Amino acid sequence: MSYNFNWKIMLSGEPAQWMWEGFVTTLQIASISLVCSMLLGIIICVFRMTPFRLLQWFSLAYTEFFRNTPLLVQIFFWYNASHFVIPTSINKWMNALYHWFPGPFTLFGHEFAGQWMLFNVEFITGVIALTVYTSAFIAEEIRSGIFSIPKTQLEASRAVGLSFIQAYRYVILPQALRIVVPPLISQSLNLIKNSSLCMVIGVTELMFMASQVESYYGAPFEAFSAALLIYLAISLFVSFCINMYNKHFLIQVSY
Amino acid sequence: MHWNIVFDNFDYFLWGRATVDGVFPFVHDVGGMAAGIILAFFGILGAFWIGLAAGLMRLSRRWWVKYPAVVYIEVIRGMPLLLLIFWFFFLAPVVLGKSLPAFSTTLVCFIVFTGAYVAEIVRAGVLALPKGQMEAARGSGLSRYQAMRYIILPQALRNMIPSFVNQFVSLTKDTSLASVIGVNELTRTGVQVDNREMIASFEIWITIALLYFLICYVLTSISRRMEAHLSRYQARGR
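Chains as they are written, first to last, in this note's numbering: chain A, 754 to 1008; chain B, 1083 to 1320.
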């Protein structure tokens, strides 16, 4: 089998346009679900810390279940099966969001076609799946970060006369967050990489666009290599940020 | 609720259309959860050796040994597994001149992908040992290779076992991606039955998720217990 490499088609015209749109969509889906999963992860983590058994059990079951099931299966579940259990009103709301958003529009002489109409059902499903999956990991990261602060810190600050909330606010969290930030950044990197799975339900992100270039122009190797380079650039940038952070901010906790 | 659809197809979820009447390799058309476990098992087996080699290369002081390993680890860890699978799926025919079956394609991808993560585990495991171990081994007259082979690795590998189990768990989850290029494993059997029956999506996907959960949770618990058990004997630096 002979294969003619044709790298030029990736650099201009439709393939380049599609890859760019895919890149933008990847960043959008990743950033939206990152923010959501941070919030959800903190909530789940707080549930685990509360003295209420029921909340603890809920949070434990949540993290264990969503960490131990493949993301692909979760995506299929949210996309194919969730409307059997989600109330109809929410389904209607999700469909309605699509119509709220403006259609194609022109800005600075550039035609923004499909890429800004992100609130379609696929996109929202993708965000939900990524959010739920990642929040389970984030909850665990935050919890282990807080647990790595020696208990004596809390006892000492309580003895000095701080209230429980003050102790957390001024003593525990400032230390814990410094430890937690690097794993959280690498979690967000995982999130960006995991967002590629959303192609199976038709979210038009980078992987989807690469396979679209593959099927339209018959240039699979070039298309996926271009996608590879983009993902690699993102991840090298993020790991560079982690290294910078570690260099400047990481504290050594002494026990 | 249509749980009967799940019960009717449960053996299909577990081992696909596997039959044992073949002459070689005795079992044909393994699919479902069995195929996933086979992929994960051979994936981690292959990845162990590649990861061991890459991890030790990464620790080398010679740049021409070290940097190929650095590039391999960074590139593979920087890309999604799905992309690697697609990329290799289209690369293999170009290099080999004939197309590979999807099963082998994904197996190669799993080995290459997990190898990079195993390499980091190996590196961390070796670096976690006290420096004195290497110094003492070298001081007693062992060569660098011998010290690594007889002193460092036996200790480091034992400490790495929980991480390997965790990697096996995440590989088991990742086998679901093989369905995208058509390997008939658990996720794909789910897609097939779901598309055929159309009315039992919820039941089917909950079942699939629980089947994955079953394997992964058991393994995670084992690794957690092992971690606690091994930490008592762990040689530590500082």
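By construction, the Cβ of each residue, glycine as well, lies at the ideal position given by its N, Cα and C atoms.
As the structure is a prediction and not an experimental result, all values here were calculated from the model.
(request) Have a look at the DSSP bridge pairing and note the partners of Glu-1267/B. (result) Gly-1114/B
(request) Please check if any C-beta of chain B sits within less than 8 Å of the C-beta of Asn-757/A. (result) no
(message) Measuring straight from C-alpha to C-alpha, what distance separates Ala-1129/B and Val-1200/B?
(response) 7 Å
(message) Here's a check: name, in chain order, each residue in its chain whose Cβ is nearer than 7 Å to the Cβ of Leu-950/A, leaving out the five neighbours to either side.
(response) Leu-824, Leu-825, Ile-828
(request) Would you list, in chain order, the members of the region 979–998 of chain A that have their beta-carbon closer than 7 Å to a beta-carbon of chain B? (result) Ala-980, Leu-981, Tyr-984, Leu-985, Ser-988, Leu-989
(request) Pull up the distance between the alpha-carbon of Arg-911/A and that of Leu-926/A, whole angstroms please. (result) 14 Å
(message) Buried or exposed, going by whether 16 or more other CB atoms sit within 10 Å of the CB of Leu-946/A?
(response) Note that residue 946/A is Lys in the sequence shown here, rather than Leu. With 16 or more Cβ atoms within 10 Å of its Cβ, Lys-946/A is classed as buried.
(message) Just to make sure I have the definition right: I need the residues of chain A whose C-beta is within less than 8 Å of the C-beta of Gly-1197/B. Which are they?
(response) Residues of chain A with a Cβ closer than 8 Å to the Cβ of Gly-1197/B do not exist; the shortest Cβ-Cβ separation is about 17 Å.
(request) Using a Cβ-Cβ cut-off of less than 9 Å, list which residues of the region 935–966 of chain A approach chain B; keep chain order. (result) Leu-942, Ile-945, Lys-946, Asn-947, Ser-948, Ser-949, Leu-950, Met-952, Val-953, Leu-959, Met-960, Ala-963, Ser-964
(message) One question on the structure: do Phe-1123/B and Leu-1163/B come within less than 8 Å of each other, judged by their Cβ atoms?
(response) no
(request) List the residues of chain A whose Cβ lies closer than 7 Å to the Cβ of Ser-1258/B, in chain order. (result) Pro-823, Leu-825, Val-826
(message) Nearest by alpha-carbon distance to Ile-782/A: which of Phe-818/A, Leu-764/A, Pro-768/A, Phe-876/A is it?
(response) Phe-876/A
(request) Report the rounded CA-to-CA distance for Thr-884/A versus Ala-1260/B, giving the unit in angstroms. (result) Roughly 23 Å separates the two Cα atoms.
(request) Could you spell out where the alpha helix (DSSP H) holding Gly-1160/B opens and where it closes? (result) Gly-1160/B -> no alpha helix (DSSP H), and no H or E assigned at all.
(message) My assumption, with CB atoms under 8 Å, is that Glu-1309/B sits in contact with Pro-1244/B. Please give the rounded CB distance.
(response) 4 Å
(request) Select from the region 1139–1161 of chain B all residues with a C-beta closer than 9 Å to any C-beta belonging to chain A, and list them in chain order. (result) Glu-1156, Val-1157, Arg-1159, Gly-1160, Met-1161
(request) Give the interface partners of Asn-833/A over in chain B, defined as CB-CB distance under 8 Å, in chain order. (result) Residues of chain B whose Cβ lies closer than 8 Å to the Cβ of Asn-833/A are, in chain order, Asp-1276, Ser-1283, Trp-1287.
(message) the ligand HEM and Glu-894/A: does any heavy atom of the ligand fall closer than 7 Å to the residue's C-beta?
(response) Inclusion of the ligand HEM in the displayed structure is not the case, the ligand content being empty and no account of it being possible.
(request) Look at Phe-1010/A and Trp-1287/B and say whether their C-beta atoms are less than 8 Å apart. (result) With chain A running from 754 to 1008 in the structure shown, residue 1010/A is simply not present.
(message) Quick check on DSSP: helix, strand or coil for Val-956/A?
(response) coil
(request) Compile a chain-ordered list of the residues in the region 797–818 of chain A whose CB is closer than 7 Å to at least one CB of chain B. (result) Those residues of the region 797–818 of chain A that come within reach of chain B (Cβ to Cβ, closer than 7 Å) are Glu-817, Phe-818.
(request) Could you tell me whether the Cβ atoms of Gly-1113/B and Arg-1099/B are closer together than 8 Å? (result) yes
(message) Between Leu-1121/B and chain A, is the shortest Cβ-Cβ distance under 8 Å, so that the two count as touching?
(response) no
(message) Would you call the region 928–936 of chain A in contact with the region 900–910 of chain A, where contact means no fewer than 3 C-beta pairs closer than 8 Å?
(response) yes
(message) Please classify Asn-1086/B as buried or exposed, where buried requires at least 16 neighbouring CB atoms within 10 angstroms.
(response) exposed
(request) Inspect the CB distances between the region 782–802 of chain A and the region 936–946 of chain A and report whether three or more fall short of 8 Å. (result) yes
(message) Only counting the same chain, and skipping five residues up and downstream in sequence, which positions put a Cβ closer than 7 Å to that of Leu-793/A?
(response) Thr-884, Ser-888
(request) Give a yes or no on whether 8 Å exceeds the smallest Cβ distance from Phe-876/A to chain B. (result) Answer no: the Cβ-Cβ gap between Phe-876/A and chain B never drops below 8 Å.
(request) Answer yes if the region 1154–1173 of chain B comes into contact with the region 949–964 of chain A, meaning at least three C-beta pairs across the two stretches below 8 Å, and no otherwise. (result) yes
(request) Could you tell me the boundaries of the alpha helix (DSSP H) in which Tyr-1294/B lies? (result) 1283–1312
(message) Whether or not the region 982–990 of chain A and the region 796–809 of chain A are in contact is what I'm after, with contact meaning three or more pairs of Cβ atoms, one per stretch, closer than 8 Å; do they touch?
(response) Contact between the region 796–809 of chain A and the region 982–990 of chain A is not established, with fewer than three Cβ pairs separated by less than 8 Å.
(message) Please classify Gly-1137/B as buried or exposed, where buried requires at least 16 other C-beta atoms within 10 Å of its C-beta.
(response) buried
(message) Within 8 Å of any Cβ in chain B, is that where the Cβ of Phe-900/A sits?
(response) no
(request) Would you kindly work out how many angstroms separate the C-alpha atoms of Ala-1229/B and Ala-1219/B, rounded to a whole number? (result) C-alpha separation (whole angstroms): 6 Å.
(message) Since Leu-1211/B and Ile-1234/B should fall inside the 8 Å C-beta cutoff, what is the C-beta to C-beta distance between them, to a whole number of angstroms?
(response) Indeed they touch by this definition, with Cβ atoms about 6 Å apart.
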